[in-house]
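Right, here's the structure in full:
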């Protein structure tokens with residue numbers, strides 16, 4: 032339940048039949064259970080459906096990040112985000128900044144192994160060195176945005192206890208409200224998250240993050256534009272707000288391309304250090 | 002030798018001019034001609050007896066392009082420096098940056114021309130970084146990338162699935178970029194008879210400095226690195242000359258300091274891993290020839306071992322980044338020498354961005370553990386305008402006479418500056 036528009040979350044226009052059958056079975060079985068147990072079971076099922084929805088073998092996104100705060104000039108970062116899943120369940124992500132000039136060329140390569148281990152390397156053009164970085168960071172702002180490093184990771188449903196706590200409208204869409212509380216408090220900077228899930232697209236249209244108090248969110252993500260791209264639901268515009276400082280991070284996906292058969296060589300330290308390797312597959 | 006260096010610079014600048022014409026007239030694929038960087042910095046030297054202020058400005062331009070398996074880079078930089086006071090000087094210096102032609106395919110990359118070759122993994126002091134050209138114009142007050150310059154090289158890199166073999170040959174030796182002879186950052190003070198690393202030598206008052214052995218090849222090296230799951234490592238072998246000079250004392254009616262660049266065989270090992278909430282980096286290098294001066298002012302070389310163990314972490318999982326390195330060097334000699342043969346340091350940096358990254362407070366430091374040798378560099382930067390950075394900084398030195406901090410103890414400086422990347 033912690034997928035953000037950084038990994039634009041696609042959902043097929045028609046959910047696979049097996050998924051529909053499994054969902055029906057869960058509802059039928061749960062109806063005989065106590066209400067609290069049903070809510071938890073529904074919550075886990077919903078969290079799994081959101082997490083496991085097909086999102087292509089790979090996706091390439093052209094993203095503009097705008098940092099803004101009242102009284103300050105907005106700052107803009109442009110980046111390319113490549114993500115690919117391989118047959119062994121390894122998820123690789125390469126982020127390359129293309130603007131502004133002071134961070135242009137900076138790259139971040141993340142390899143999430145199927146066993147939960149993560150390796151991460153950064154390339155800083157000024158140093159001309161690829162360096163391993165701590166992949167277990169949770170707090171800390173990603174390029175001074177409102178996104179924490181934890182927000183960029185693919186959080187498995189089993190990492191949280193999930194509960195459907197109601198239904199509420201976000202705009203015109205009636206959403207399931209899902210509460211997700213970390214199973215182990217130390218594996219997240221958040222006490223809990225509340226997600227407003229659109230049942231059609233399975234995208235969270237709103238996401239509240241609770242950091243210090245369980246009754247007051249500290250950050251809020253709102254998705255303002257989503258579309259189907261090549262049959263996958265894709266977040267095209269979203270804003271994450273720090274509710275205390277009023278600082279905002281807006282992410283606009285200018286282009287998203289799925290299933291391009293990105294080469295495995297793109298997710299190596301060579302491509303991380305050599306922009307030219309990656310330029311060949313730029314959209 | 003001077004003509005060789007001059008030829009490289011003229012060639013680089015000529016190529017840059019040609020690239021400008023190319024940019025205007027041709028439609029080469031992916032040509033990218035740009036002003037890379039501008040910077041200006043002024044400072045006060047409140048404690049120095051012969052200099053009260055310094056100023057410097059720098060600009061760099063480059064052009065890059067590619068076609069098929071081929072790519073090229075052309076670049077040059079201009080550095081202007083001025084020092085006020087009785088030890089006044091002005092200097093404008095042109096230099097090449099990266100000027101290369103490169104061919105690459107899926108497995109290989111071959112590059113010929115001037116290029117940045119910076120081996121190693123640790124910050125600040127990298128024992129295996131022996132092939133790059135050092136920039137000593139401001140001693141160590143600039144950060145590591147700014148203390149390295151491109152070097153003429155032929156380089157072949159072979160990429161495996163998780164491994165890389167990097168072979169570099171330096172056909173032409175290029176010495177370090179040195180400060181102006183009158184600069185407070187010059188490692189030899191012939192006015193007061195002092196030399197960096199040794200300290201006070203009264204015989205050096207009025208000594209002449211002469212360059213030597215700057216002809217020939219710069220050497221060669223090979224480095225093999227491998228990425229593992231959670232663990233990266235590498236080994237290297239180099240036979241190279243240090244771009245940083247060592248001053249050999251030639252006694253006489255007028256003492257001469259001959260700047261030499263001894264060739265040394267260097268065996269290196271390195272690793273990088275993640276554990277206990279930190280990224281750990283380590284390097285070790287054994288070298289065959291480290292220059293020394295005996296108490297009888299004789300020049301010698303001896304074997305030595307240098308090592309660094311460093312950690313990078315974010316306390317409390319916050320945005321504050323801390324790097325710490327424990328570094329040591331031991332030179333093995335039975336002779337009585339003027340140089341320090343055992344050195345241990347703790348170096349590091351604390352970088353704290355605040356106000357949503359619009360400001361950054363940094364603290365760099367180097368502390369000698371076996372001799373008093375301190376350098377502290379607090380710095381406050383405003384980074385709220387993309388591509389631009391305004392900063393103010395202090396550079397504070399202290400230590401025993403034969404240490405770096407002691408040698409520059411009158412060079413405490415307060416500076417303000419601006420830099421931009423385009």
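Chains as they are written, first to last, in the working numbering: chain E, 32 to 314; chain X, 2 to 423.
Even for Gly, the Cβ is constructed at its ideal location relative to N, Cα and C.
In three-state terms, what does DSSP make of residue i?
i	result
residue 235 of chain X	strand
residue 308 of chain E	helix
residue 43 of chain X	strand
residue 75 of chain E	helix
residue 180 of chain E	helix
residue 85 of chain X	strand
residue 318 of chain X	helix
residue 99 of chain X	coil
residue 303 of chain E	helix
residue 187 of chain X	coil
residue 305 of chain X	strand
residue 262 of chain X	coil
residue 421 of chain X	strand
residue 216 of chain E	helix
residue 278 of chain X	coil
residue 206 of chain X	coil
residue 378 of chain X	strand
If the criterion is Cβ atoms closer than 7 Å, does the pair residue i and residue j meet it?
i	j	result
residue 151 of chain X	residue 169 of chain X	no
residue 67 of chain X	residue 78 of chain X	no
residue 176 of chain E	residue 98 of chain E	yes
residue 226 of chain E	residue 238 of chain E	yes
residue 336 of chain X	residue 324 of chain X	no
residue 234 of chain X	residue 272 of chain X	yes
residue 87 of chain E	residue 289 of chain E	yes
residue 431 of chain X	residue 257 of chain X	Any answer about residue 431 of chain X is impossible in this case: the structure gives chain X only from 2 up to 423.
residue 56 of chain X	residue 43 of chain X	yes
residue 437 of chain X	residue 129 of chain X	Only positions 2 to 423 of chain X appear in this structure, which leaves residue 437 of chain X out of reach.
residue 343 of chain X	residue 311 of chain X	no
residue 100 of chain X	residue 115 of chain X	yes
residue 398 of chain X	residue 409 of chain X	yes
residue 419 of chain X	residue 391 of chain X	yes
residue 93 of chain E	residue 285 of chain E	yes
residue 284 of chain X	residue 121 of chain X	yes
residue 85 of chain X	residue 54 of chain X	yes
residue 309 of chain X	residue 126 of chain X	yes
residue 240 of chain E	residue 257 of chain E	no
residue 288 of chain X	residue 319 of chain X	no
residue 201 of chain E	residue 233 of chain E	no
So, is residue i buried or exposed, given that buried needs 16 or more other C-beta atoms within 10 angstroms?
i	result
residue 196 of chain E	exposed
residue 367 of chain X	buried
residue 22 of chain X	Reliability of the predicted coordinates at residue 22 of chain X is poor, the pLDDT of 48 falling under 50, and the value obtained from them is presented with this limitation in mind. Result: exposed.
residue 355 of chain X	exposed
residue 207 of chain X	exposed
residue 104 of chain E	exposed
residue 357 of chain X	buried
residue 107 of chain X	exposed
residue 36 of chain X	exposed
residue 422 of chain X	buried
residue 33 of chain X	exposed
residue 255 of chain E	exposed
Quick one: list the residues of chain X neighbouring residue i, beta-carbon separation under 7 Å, in chain order.
i	result
residue 213 of chain E	Per Cβ cutoff of 7 Å: no residues; residue 213 of chain E is ~14 Å from chain X at best.
residue 131 of chain E	387 and 388
Which chain E residues sit within Cβ distance under 8 Å of residue i?
i	result
residue 233 of chain X	163
Mind pulling the chain X residues with CB within less than 9 Å of residue i?
i	result
residue 220 of chain E	318
residue 217 of chain E	Under the 9 Å cutoff, chain X gives no residues; its nearest Cβ is about 10 Å from residue 217 of chain E.
residue 147 of chain E	Here the premise fails: no neighbours, minimum Cβ distance about 12 Å.
Run down chain X in chain order and give the residues with a C-beta less than 8 Å from the C-beta of residue i.
i	result
residue 157 of chain E	146
residue 166 of chain E	275
Taking C-beta pairs closer than 7 Å, name the residues in chain E that residue i reaches, listed in chain order.
i	result
residue 330 of chain X	None at all; the shortest Cβ gap to chain E is about 22 Å.
Which chain E residues are close to residue i, counting only those with a beta carbon under 9 Å from its beta carbon?
i	result
residue 358 of chain X	98, 106, 172, 174, 175 and 176
Given 8 Å, three or more beta-carbon pairs between the stretch 232 to 250 of chain E and the stretch 111 to 130 of chain E: In this structure the stretch 232 to 250 of chain E does not lie against the stretch 111 to 130 of chain E, because fewer than three pairs of beta carbons, one per stretch, are closer than 8 Å.
Does the structure place the stretch 187 to 203 of chain X close enough to the stretch 229 to 244 of chain X that three or more beta carbon pairs sit under 8 Å? no
Counting beta carbon pairs with one atom in the stretch 384 to 393 of chain X and one in the stretch 130 to 147 of chain E, are three or more of them shorter than 8 Å? yes
Within the chosen definition, does the stretch 201 to 221 of chain X reach the stretch 162 to 180 of chain X through at least 3 CB pairs nearer than 8 Å? Because the criterion of three Cβ pairs below 8 Å is met, the stretch 201 to 221 of chain X and the stretch 162 to 180 of chain X touch.
Determine contact between the stretch 275 to 295 of chain E and the stretch 121 to 139 of chain X, defined as no fewer than three beta-carbon pairs at a distance below 8 Å. no
Are the stretch 202 to 210 of chain E and the stretch 71 to 91 of chain E touching by the rule of at least three beta carbon pairs closer than 8 Å? yes
Pair every Cβ in the stretch 185 to 203 of chain E with every Cβ in the stretch 151 to 164 of chain E, then say whether three or more of these pairs are closer than 8 Å. no
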